[in-house]
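Residue numbers for the sequence shown follow my numbering, so the first one is 2 and each next one is one higher. Quick reminder that beta carbons are idealized off the backbone N, C-alpha and C, glycines included. Heads up, the thing below is written out as structure tokens.
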Amino acid sequence: MNKKIILGILMLFLIVGSVCTLARTEEAKTIAEQLEKEYNFKEGDVFNIVYGNPDLNINDLRKEIKSRKTSHGQGCIL
Numbered sequence: 002m003n004k005k006i007i008l009g010i011l012m013l014f015l016i017v018g019s020v021c022t023l024a025r026t027e028e029a030k031t032i033a034e035q036l037e038k039e040y041n042f043k044e045g046d047v048f049n050i051v052y053g054n055p056d057l058n059i060n061d062l063r064k065e066i067k068s069r070k071t072s073h074g075q076g077c078i079l
């Protein structure tokens, strides 16, 4: 009986963690698309910066992206 309860709790954590990760990924994609349009980047160039920012603060993201822009208007996105 105890093994089933422990297994059930572990499965619950796995499901909740997966849902949270999917929600964060979708939120990061939405913000990245907005910033790509704003700064004329190619699709997908900004996603790693956005996803790597733990609080997804849009003003901090703008500063980070501005600091990575080169004089040619393209980003040095890693």
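- For F48 against A29, the beta-carbon gap comes to about 6 angstroms, under 8 angstroms, which counts as contact.
- Non-local beta-carbon contacts of I66 in its own chain, meaning distances under 7 angstroms to residues more than five positions away in sequence, involve L36, Y40, V47, I50, G76 in chain order.
- Your pair L62 and I32 checks out as a contact, with CB atoms roughly 7 angstroms apart and the cut at 8 angstroms.
- Bounds of the alpha helix (DSSP H) holding K5 are 3-40.
- Counting along the chain, K67 sits inside the alpha helix (DSSP H) bounded by residues 59-69.
- With contacts defined by Cβ atoms closer than 9 angstroms, R69 and Y52 do not form a contacting pair.
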